[in-house]
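The structure under discussion appears below in the form of structure tokens.
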Amino acid sequence: MTRLDLSRRNLLLASAGLLVGCQRSASGGPPVTRTAYAAKPAAPSVLTARPAAGPAPTPSCHVTAANIEGPFYKAGAPERARLVQRQRGVPLVIEGVVRDADCQPIPGAWLDVWHADHDGAYDNDGFGLRGRLRADRGGRYRLETIVPGHYLNGPTYRPAHIHVKLFAPGFSPLTTQLYFPEDPYNEGDPFIVDSLVMAVDQSRGRREGHFDFSLASA
Ligand SMILES: [Fe+2]
72 MTRLDLSRRN LLLASAGLLV GCQRSASGGP PVTRTAYAAK PAAPSVLTAR
122 PAAGPAPTPS CHVTAANIEG PFYKAGAPER ARLVQRQRGV PLVIEGVVRD
172 ADCQPIPGAW LDVWHADHDG AYDNDGFGLR GRLRADRGGR YRLETIVPGH
222 YLNGPTYRPA HIHVKLFAPG FSPLTTQLYF PEDPYNEGDP FIVDSLVMAV
272 DQSRGRREGH FDFSLASA
């Protein structure tokens with residue numbers, strides 16, 4: 072038997088031993104289920120590597136966390152992507168994509184947005200800084216508004232936040248809030264969730280936020 076034959080034989084034996092080791096417990100008892108292991112795709116073996124049949128597996132997107140609605144939502148806001156009219160404040164643009172749990176865009180998803188003005192006050196008489204907008208065919212949305220101010224919630228101020236409700240046929244409605252990094256009131260707020268803090272760039276004189284939503288199937 073040549074050296075090449077021996078190497079190949081050893082490799083085959085080693086592979087066979089590995090398979091047995093994965094299927095049996097150390098005591099020789101019944102097969103052991105290794106859930107954590109099974110959740111990760113196995114690296115292809117040198118002996119078994121070949122093109123996988125069927126489409127490539129789709130990545131998974133974490134469904135966006137829900138957050139409290141608060142007391143100031145008003146249904147029936149006008150359809151518009153530019154919420155700010157004459158209100159003063161720091162210009163803010165928020166862009167992103169609405170996707171499903173497989174990271175596929177949801178065309179035409181609705182976003183119902185409302186937030187406080189520069190001084191932390193909501194327009195509860197009209198629809199100032201409120202609006203409904205629709206994602207495009209690629210699930211993309213773009214919102215123009217201003218940075219909200221802080222307002223008192225009991226003895227403490229709430230950090231700046233944007234309220235959003237999302238709706239799309241076939242998906243569970245989502246009510247949530249978007250937050251800003253480095254807001255002095257993020258620390259200690261009872262409602263903030265880390266995954267809801269936007270990426271915000273302010274290098275071009277205005278705030279440019281980015282946030283991708285992911286909705287769960289109904
Ligand atoms: Fe609020």
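Using my numbering, the first residue of the sequence shown is number 72, and each one after it goes up by one. Ideal Cβ placement from N, Cα and C applies to all residues, glycine included.
Exercise for the section: Starting from F251, follow the beta strand (DSSP E) in both directions and report where the run begins and ends. Expected result: Annotation: F251 is outside any beta strand (DSSP E) and is labelled neither H nor E by DSSP.
Practice task
Report the three-state DSSP secondary structure of L267 (helix, strand or coil).
Solution key: Helix at L267.
Exercise for the section: Starting from the Cα of C132, find the closest Cα among E279, A172, H232, T227 and give me that residue. Expected result: It is A172.
Exercise for the section: Compute the Euclidean distance between the alpha carbons of R211 and E150, then round it to the nearest angstrom. Expected result: Approximately 16 Å, taken between the alpha carbons.
Handout entry: Any non-hydrogen atom of ligand 1 closer than 8 Å to H221 Cβ
Key = Checking every heavy atom of ligand 1 against the Cβ of H221, none is found closer than 8 Å.
Practice task
Confirm the yes/no value for this check: CB of Q248, any heavy atom of ligand 2, distance under 8 Å.
Solution key: Ligand 2 is not among the ligands present in this structure, which contains only ligand 1.
Practice task
Taking P178 as the reference, give the member of A148, D190, G209 with the closest Cα.
Solution key: Looking at the Cα atoms, G209 is the closest of the given residues.
Problem - H234 beta carbon near ligand 1 (any heavy atom closer than 8 Å) - result: For ligand 1, at least one heavy atom lies less than 8 Å from the Cβ of H234.
Problem - First through last residue of the beta strand (DSSP E) which encompasses Y228 - result: Its beta strand (DSSP E) spans residues 227 to 229.
Handout entry: Residue(s) in a DSSP beta bridge with I217
Key = According to the DSSP secondary-structure assignment, I217 is paired through a beta bridge with P162.
Exercise for the section: Hey, could you find the ends of the beta strand (DSSP E) S285 is sitting in? Expected result: First-last of the beta strand (DSSP E) with S285: 284 to 286.
Handout entry: DSSP state of D190 mapped onto helix, strand, coil
Key = If DSSP states are grouped into helix, strand and coil, D190 belongs with coil.
Practice task
Please report how far the alpha carbon of H189 lies from the alpha carbon of L200, in whole angstroms.
Solution key: Cα atoms of H189 and L200: separation of roughly 10 Å, rounded to the nearest angstrom.
Practice task
Mind reading off the beta-carbon distance from L214 to V164? Whole number of angstroms is fine, and I expect it under 8 Å.
Solution key: Indeed they touch by this definition, with Cβ atoms about 7 Å apart.
Practice task
Report yes if the C-beta distance between R288 and G241 is below 9 Å; otherwise report no.
Solution key: Just to set this straight, residue 288 is Ser in the shown sequence, not Arg. Closer than 9 Å, so yes.
Practice task
Would you kindly report the start and end of the unbroken beta strand (DSSP E) that includes E279?
Solution key: Start and end: 278 to 281.
Practice task
Give the single residue among F143, Q158, K145, N138 whose Cα lies nearest to the Cα of V218.
Solution key: Taking only the C-alpha atoms, the option nearest V218 is Q158.
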